[in-house]
Amino acid sequence: AMQEFDTLQVPNVRVIARERVEINQAFFEQHIRAALALRRKHMPSATSFLAVNSESDGLSGLVVDKYEDVLVVQTSALGMDGRKQQIVAALQSIFAPRAIIERNELASRKFEGLPDASGILAGESDGKVSVNINGLKFVTDLLGGQKTGMYLDQQVNYQRVADLIALTPGAQVLDCFSFLGGFALHAAGRYGCRRTFVRLGRRNRRTGCPLVRACGGKALAGKLPVVPRMGSFGADAGGVKVLLVTCRYR
Numbered sequence: 001a002m003q004e005f006d007t008l009q010v011p012n013v014r015v016i017a018r019e020r021v022e023i024n025q026a027f028f029e030q031h032i033r034a035a036l037a038l039r040r041k042h043m044p045s046a047t048s049f050l051a052v053n054s055e056s057d058g059l060s061g062l063v064v065d066k067y068e069d070v071l072v073v074q075t076s077a078l079g080m081d082g083r084k085q086q087i088v089a090a091l092q093s094i095f096a097p098r099a100i101i102e103r104n105e106l107a108s109r110k111f112e113g114l115p116d117a118s119g120i121l122a123g124e125s126d127g128k129v130s131v132n133i134n135g136l137k138f139v140t141d142l143l144g145g146q147k148t149g150m151y152l153d154q155q156v157n158y159q160r161v162a163d164l165i166a167l168t169p170g171a172q173v174l175d176c177f178s179f180l181g182g183f184a185l186h187a188a189g190r191y192g193c194r195r196t197f198v199r200l201g202r203r204n205r206r207t208g209c210p211l212v213r214a215c216g217g218k219a220l221a222g223k224l225p226v227v228p229r230m231g232s233f234g235a236d237a238g239g240v241k242v243l244l245v246t247c248r249y250r
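Under the numbering used here, the residue at position 169 of the sequence shown is numbered 169, and the numbers go up by one with no gaps.
Next comes the structure, spelled out in structure tokens:
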């Protein structure tokens, strides 16, 4: 098996191939095309998605998010970081993106002796992108948003929650730590219910609040005193009838 060894990282060894192969642009193209084929099989209509998910796609230490025609790359391993030029070339060959952005402010990079890095690797972009998620439009900042800009790995869960819950018109959804309000907005789109958002983080208010207002919802910035005691939530919380509570831990 082909492995990368680094005395600084934990684990010290990352397996990147089960046979002896040359790690070059063609190697990355092969794995990225396989990952893309899997996404197209299970999410045929998606235009924005998690395109490469590290070990899951045989590329340990590499994450690539596709936001319409812009790609965002994260390299959390020393071996992958040293091959960014080959990775960018492979991505350009496969996706022909308008831009490729690097978002390497991961805490785990410090364990590998890697500095923070953020910016444009190829093409041109100001970071602002309108993203289509299950038919809903989200505006995000790829140069300044959380993670690589959004939680693209949650889009299937957004739709499943909206499909599974049985909300009636006029019902309310309490979406805690809601980022851009993905769960509540999907529920609203499915059932036309009212939306109540709790704690849009400071960095998300500029992009999140206009989206919430456009959907007729209410964005509450800051924390509710009851949020740390989620277990005490009953059928009624602060005068709001809660039919669904979504809370994501980060």
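Glycine is no exception: its CB is placed at the ideal position from the N, C-alpha and C atoms. Since the model is a prediction, treat every value here as computed from it, not as a measurement.
Return the chain-ordered list of same chain residues with a C-beta closer than 8 Å to the C-beta of M80, the five sequence neighbours on each side being excluded.
L59, S60, G61, L62 and I87
Using the DSSP secondary-structure output, state which residues sit across from Y151 in a beta bridge.
Looking at the DSSP output, Y151 shares a beta bridge with no other residue.
Any idea what DSSP makes of Q92, helix, strand or coil?
In the structure shown, Q92 sits in a helix (DSSP, three-state: H, G or I).
Close-in-space but distant-in-sequence residues of the same chain around L152 (CB under 7 Å, 5 per side omitted):
If you ignore the 5 residues before and after L152, its C-beta comes within less than 7 Å of the C-beta of S48, F49, L50 and D65, all in its own chain and listed in chain order.
Check whether the Cβ of Y158 sits closer than 6 Å to any heavy atom of the ligand SAM, and report yes or no.
The ligand content of the structure shown is nil, which means the ligand SAM is not present either.
Run through the region 47-83 for me and flag every whole beta strand (DSSP E) of 3 or more residues, listed as ranges in chain order.
For the region 47-83, the continuous beta strand (DSSP E) assignments of 3+ residues that do not extend past its boundaries occur at 49-53, 62-67 and 70-75, in sequence order.
In terms of DSSP beta bridges, what is E102 paired with?
V73 and G119
Could you check whether Q25 and A122 sit closer than 7 Å to each other, using their CB atoms as the reference points?
no
Buried/exposed call for G239, threshold 16 Cβ in 10 Å:
Note on G239: pLDDT 46, under 50, position unreliable in the model; the coordinate value appears next. It counts as exposed.
Answer yes or no: do L38 and S76 have a C-beta to C-beta separation smaller than 7 Å?
For L38 and S76, no; Cβs fall outside 7 Å.
Straight-line Cα distance separating A188 from R33:
35 Å
Counting Cβ pairs, one atom from each stretch, are 3 or more of them under 8 Å apart for the region 127-134 and the region 67-75?
Result yes; three or more Cβ-Cβ pairs closer than 8 Å.
For V129: DSSP bridge partner residues:
Per DSSP, T140.
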